[in-house]
Every structure is written in C-alpha cells, then in structure tokens.
Amino acid sequence: MPASRSVRLLPVFITVQVAVVIAFGVGFARSSSDATLRLAQIRTGRIDYAPLNITRQEPLRITPLYDDPELISDEDLAAVLRQVQPRFPAQRIKPNYVEHALRIWGIDAEFRDPQVMAGRKMLDFLVNHGQYIASWGTKVAPLLQEEDTGVSIRWGKEEGASVHHDHWLACLTEAGVTLNEPVYTPSHREKTINDVLQQALRDFRLDERETEWSVLAYGLWLPPDGKWKNNAGREITFDLLAERLMRGALPLGVCHGTHRLYSLMALVRLDDEFNGQLIQKETRAKIMAHLKRVSVIIVDSQFPDGHWASNWSDGLDSVTKPVEDELFRKVIATGHQLEWLAIAPEELHPPRKRIRDAAKWLIKTTKSQTRTEILEKYTFFSHVGNALALWRHTRPAEFWKQWEASHPEEGTETSPEPAAAPASAKPKADGH
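The sequence shown begins at 4 in my numbering and counts up one residue at a time.
So, in structure tokens, the structure goes:
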C-alpha cells in the first residue's frame, strides 16, 4: 500500500478505535449500572418504575340496563332507600360502613335530615386523616398509610380499618371521586386519589386472597389500557384478573362468592365500552359461559318466597337441603345476585318473574327492619338499596333528590342520632 494512502487512512482508523472504546465504555457502564439495579431489586424485592399514566380524571361508570316498575315501585324504592340512608354515630364510625354508603349514594348525595351524612362528608371522613381521628382518636392506627411511593389503605379485621383489600378504592371510585381529589395523610401531606391508585397497582399480587374490588377499581380507571406491571415486575392483565376471579369453586370469595360475579360482569360491560380492547375474545367467552352457568344454578337454588341462601351455589340442594341461615346471610345472597343481574344482558337472566320475586322478598325484608337492625347489618342492606335502584335505571342520590322535591314532608323530621353500633355489628370473616 502506498505510504500516502496509509497516512490518509490513519485518522479514520483512530476515529473508529476511539468510537469503539467509547461504545465499550458506555456499554460497560450501562451493564454495570443494570447489574447494580438488578442486585438492588433482588435484595429489596421491589422494582422501581414510573407511575402508570391514567388518561382520565373521572372514573368510568357502569350504567344499569333496565327500568322495571313492576319489580319495584317508586314508593317501595323510596322506602328502601330511606332505610339505608347513612345514619352513623359520630364516634368510631366504621370505615367499611361509610365506604358502602358512599358507594351507593355517591359523593353528590344530599339529604334534608341533618343526621344523615351527605356524600361529601362521607368522602371527607375517608380521605382526611383529621376527620378520621375526630371520630377514632389517636389510639388506633391511621386508615391512610403513608408510603414512599404513595398512599395505602389499612385493611383487615383490626379496629378502624377498611375490612377488605382495595374496597376503599373501589367504593370511592364507584362513588365518582376524581383522580385529583385531595387525600390528607397523618403527616399533613396533601396527596391525591391518584397516589392511592398508583400504590394499589404497584402492590397488587395475583395470589391475593381477595381480588374482587381490585378488579373493579382498576377496571373503572385503566381502560383502554389492559395491562401494567406491579413492583415485583409481574405483568398484570385483565385477562389474568378474570381467570383469577373464575378460579375455584363458586362460593369462594367474599359474600358467598357473589362479589366475583359483579366484577366479572363489570369486565364484560367495560369490554363492550371499548370495543373488545380490554380482554381477549377467549376470556370474554369464558366469563359469559361462567355467568351463564351461574344463571342456571340460581334458578334451581331460589326458594319459593324469592330469596337465595348462603349455599346458593349448591343448586337444587340449596332448597331441598336448606342450611340454618341467619337473615343477614339471605340478604347478602339475594341482594348481591340482583345487583350483578342489573348490569347483565338478558341472556344471562333467569326468568323475569324469578327476579321480581327476589325483589319482593328484599323489599318486604328491608322495610320490616328497625333502624337499629339496619345499622347492625348496614353493609349488606346497602346492596339491596343499590340493586333495586339499578333495576329502576337510577342512582339512589338522583332518585332521592327527586323524591324529596315531590314530597316536601320527606326528611323534615329530625331524627335522634343512633347509638354506636353494637358488638354484633363487627364484621365477620366473610362480611363487609
């Protein structure tokens, strides 16, 4: 090779070598950094990642499909809703009671009776630590738990806790809370509902004992996105969540397995809303087949007076070999069945007469309770009010506002504040 050509190629050679060295150095540094990160993740069991981008400020709402005055009249609906108004004691208010009440009445609920908690007051109790300690004092752990990455909710059987995992989040979501609603933590830091949602998404595990409310809450915030990663790096999809809800025997899950039915039906309705983008066709078909099987079972297991028992999933054996159910267990089974059927297409329904018989039993039973009896089992009777309102294609707050406007005498009598809920009102293992 001529010397002159070698001289010309030398700068090029040097440039290439420098680029290789730089690339190697960058690669080594990146590899070293990645290795360090992986070691940290192995050591802590947590993976850091950016918060999921939630594209909406207001949650989705699953609307009812029917308006059946033969199932419940305006007068009977008013009587039932009057029974399930949130009349709670000021001291030691059970968060799960308020969660249930807020879920059905909504954050916009208002009442003439000053002893009934308005929607915003219920919300304030759940999102403001100052309001919480005004009721519970400082000797119980806070409901709102501060985390490095957000806010979690204390749940379980302890005093002053939300009873079920993600129930707080699901109830506030169904009540219509916005993503930027302030959440005031014990250290007086102002967070938002988004901080609670992001923490819940990070912490979620598929092997959770209860996933019913997680599925519902995430379904009302995330679509059309159908997947995310938790802080263990596991990708979660709504297909996996649906499979989790259908896993195992029918009575597994809270409230004799009925909450799973509602959340599964909600996934189908949300999938409809987003033109099949939320779950795969195969998953949807499995859900519909699962719920169709349930609709056949509840025809066999319904008692002549219209109610279902706690062992409704036994089919005909539920009637021929009845269990000794307390009344509230019948209310659980019957109210929750009517609730998921109210958002389900008719192809999943038992004959309409069966549904109307169930509604008659619930109306009669709810109207016959004293205010103290309702308070003792408020969480279960709240589902009755919600289910019957859904079957009239309305929300309790909307209906009650119209009812009070046309009945000036309604709500003008000031009622005494109820006493603290008795010991029997403490949540049971399968309760709310």
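Quick reminder that beta carbons are idealized off the backbone N, C-alpha and C, glycines included.
Contact annotation, P98 with L172: C-beta distance approximately 12 angstroms; criterion of less than 8 angstroms not satisfied. The three-state secondary structure of Q94, taken from DSSP, is coil. By the 16-neighbour rule on beta-carbons within 10 angstroms, T58 is exposed.
Y69 sits in coil when the DSSP states are folded into three classes, being neither helix nor strand.
Under the three-state reduction of DSSP, I366 is assigned to helix. In the assembly as shown, G109 is a buried residue. Its beta-carbon has 16 or more other beta-carbons within 10 Å.
Here the alpha carbon of I301 sits roughly 45 angstroms from the alpha carbon of A137. The region 258-272 and the region 228-237 do not touch, with fewer than 3 CB-CB distances between them shorter than 8 angstroms. Excluding residues up to 5 positions away in sequence, V143 lie with their Cβ nearer than 6 angstroms to the Cβ of E162 in the same chain. Within the model, the alpha-carbon separation for T195 versus H103 is close to 21 angstroms. In the DSSP assignment, N131 is bridged to Y187. Under DSSP, I156 takes part in a beta bridge, and its partners are L147.
Judged by DSSP secondary structure, T240 falls within the beta strand (DSSP E) whose first and last residues are E238 to T240. The Cβ atoms of Q134 and R90 do not sit closer than 8 angstroms to each other. Between the alpha carbons of L126 and M249 lies a gap of roughly 32 angstroms.
Setting aside the 5 residues that flank it on each side, Q88 is surrounded in the same chain by V119, each with a C-beta closer than 6 angstroms to its C-beta; the list follows chain order.
In the displayed model, W231 falls within a strand according to three-state DSSP.
For the options D320, S217, S316 and D328, the alpha carbon positioned closest to that of Q340 is the one of S316. Annotation for E285: the continuous alpha helix (DSSP H) segment containing it runs K284 to S304. Straight-line spacing of the CA atoms in E150 and P54 works out to 14 angstroms. Shown here, K194 sits in a strand according to DSSP, grouped into three states. Per DSSP, reduced to three states, the secondary structure at S313 is coil, with no helix or strand assignment.
Taking all protein chains in view, the Cβ of T323 is surrounded by fewer than 16 other Cβ atoms within 10 Å, so the residue is classified as exposed. The criterion of a C-beta distance shorter than 8 angstroms is not satisfied by V83 and V326. The beta carbon of H352 sits closer than 8 angstroms to those of S298, L344 and I358, all from its chain and outside the five residues before and after it, given in chain order.
Burial state of H259 is buried, judged by a 10 Å Cβ sphere holding 16 or more other Cβ atoms. A check of alpha carbon separations from L319 across D116, F306 and D328 identifies F306 as the nearest. Below 8 angstroms, enough C-beta pairs join the region 391-404 and the region 62-82 to call them touching: three or more. Nearest to L68 by alpha-carbon distance, out of E407, E413, H396 and A400, is H396. Only residues of its own chain outside the window of five on either side were considered, and among them C174, E177 and A178 have a CB closer than 6 angstroms to the CB of R106, listed in chain order.
Here DSSP, grouped into helix, strand and coil, assigns S76 to coil. In this structure, I156 lies away from F207, with their beta-carbon atoms at least 8 angstroms apart. Taking the CA atoms as reference points, P189 sits about 19 angstroms from Q201.
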